[in-house]
Amino acid sequence: MKKRKSLYHGHRFRAAIISLAVRWYFRFQLSLRDIEELLFERGVVVSYETIRRWCDKFGAGFAHRVKAARRKPGRTWRVVTDQLRSYPAAKADIPELANVKHVFVKAAARVNNRAENSHQPTRERERRMRGFRDPKRTQAFLSSFGLIRQHFALKRHLLRASRYRKQLSSRFAAWREFTGIAQNPSTVS
Numbered sequence: 001m002k003k004r005k006s007l008y009h010g011h012r013f014r015a016a017i018i019s020l021a022v023r024w025y026f027r028f029q030l031s032l033r034d035i036e037e038l039l040f041e042r043g044v045v046v047s048y049e050t051i052r053r054w055c056d057k058f059g060a061g062f063a064h065r066v067k068a069a070r071r072k073p074g075r076t077w078r079v080v081t082d083q084l085r086s087y088p089a090a091k092a093d094i095p096e097l098a099n100v101k102h103v104f105v106k107a108a109a110r111v112n113n114r115a116e117n118s119h120q121p122t123r124e125r126e127r128r129m130r131g132f133r134d135p136k137r138t139q140a141f142l143s144s145f146g147l148i149r150q151h152f153a154l155k156r157h158l159l160r161a162s163r164y165r166k167q168l169s170s171r172f173a174a175w176r177e178f179t180g181i182a183q184n185p186s187t188v189s
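Residue numbers (full-length UniProt numbering): 1 to 189.
Dropping the structure here:
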């Protein structure tokens, strides 16, 4: 049986450093040069262009592994509507909607605020990057950014500190598994 090469085969830096740089880029609002500076502070001399290449090469793969490890959606689905008059006609035309639980909400001002706030991290990141210039690179970035960011985004305000730390530790362990890092790198040097 042929032994598979490491995901990081041919790279000069250790897997822990590459994984850390990719995670910082997609999880926090840091520029490539900020990450270069943070790594330099830890004794790792690497250019921001190398970090960009790592994010391009490994970001989508890491995001795919995060998505594959997510829980699958349940069997019950529901549709939330605002009692629009054309809705019964659409319901009659689409047979799949017959088995779906329908929840009606009263239309009020700023009902869509929750949906708009869900895009807030993306808008903040876009502002930090001074806009997205190339649609292809935008799509590549956003497909990885959302999944990796969501993997570490816990509802901290709903958890006690001990539970939060425990869940965050399990997320870091899963991240090390996704990225192919065996042990917990306590220090990166």
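Every residue gets a Cβ at the ideal spot worked out from N, C-alpha and C, and that includes glycine.
Supposed contact pair V44 and I148 - C-beta distance, whole angstroms, cut 8 Å:
The sequence position of residue 148 within the sequence shown is 148, counting from 1. The sequence position of residue 44 within the sequence shown is 44, counting from 1. Not confirmed; about 21 Å, so no contact.
Nearer than 7 Å: is that true of the beta carbon of R27 relative to any heavy atom of the ligand PLP?
The ligand PLP is absent from the structure shown, which contains no ligand whatsoever.
Report the three-state DSSP secondary structure of S189 (helix, strand or coil).
Numbered from its first residue, the sequence shown carries residue 189 at position 189. Low per-residue confidence applies at S189: pLDDT is 47, beneath 50, and the placement is therefore not dependable, though the value from the model is reported in the following sentence. Three-state DSSP puts S189 in coil, outside helix and strand.
Give the list of continuous beta strand (DSSP E) stretches no shorter than 3 residues that lie fully inside the segment 27-84.
78-81
At least three beta-carbon pairs within less than 8 Å, the segment 19-37 to the segment 47-61:
yes
Can you give the Cα-Cα distance for S86 and D93, rounded to whole angstroms?
Here the question's residue 86 lines up with position 86 in the sequence shown. Here the question's residue 93 lines up with position 93 in the sequence shown. Their backbone Cα atoms lie some 11 Å apart in a straight line.
When DSSP builds the beta bridges, which residues end up paired with K3?
Locating residue 3 in the sequence shown gives position 3, counting from the first residue. Partner(s): none; K3 has no beta bridge.
Whose CA, out of G59, S169, K3, K101, lies closest to the CA of A21?
Taking the sequence shown and counting its residues from 1, one reaches residue 21 at position 21. Of G59, S169, K3, K101, the residue nearest in Cα terms is G59.
Neighbour-count burial assignment, F145, 16 or more Cβ in a 10 Å radius
The sequence position of residue 145 within the sequence shown is 145, counting from 1. Buried, by the Cβ-count rule.
Between the C-alpha atoms of S19 and Q29, what's the straight-line distance to the nearest angstrom?
Here residue 19 is taken as the residue at index 19 of the sequence shown, counted from 1. Here residue 29 is taken as the residue at index 29 of the sequence shown, counted from 1. The alpha-carbon atoms of S19 and Q29 are separated by roughly 16 Å.
Determine the extent of the alpha helix (DSSP H) in which A153 is found, giving its start and end residues.
As a working mapping, residue 153 is identified with position 153 in the sequence shown. Here A153 belongs to no alpha helix (DSSP H), and DSSP marks it neither H nor E.
Name the two residues that bound the continuous alpha helix (DSSP H) containing P95.
The sequence position of residue 95 within the sequence shown is 95, counting from 1. Looking at the DSSP string, P95 is not in any alpha helix (DSSP H), and its letter there is neither H nor E.
Determine the burial state of F40: buried for a count of at least 16 other Cβ atoms within 10 Å of its Cβ, exposed for fewer.
On the sequence shown, residue 40 is found 40 positions in, with the first residue counted as 1. F40 comes out exposed.
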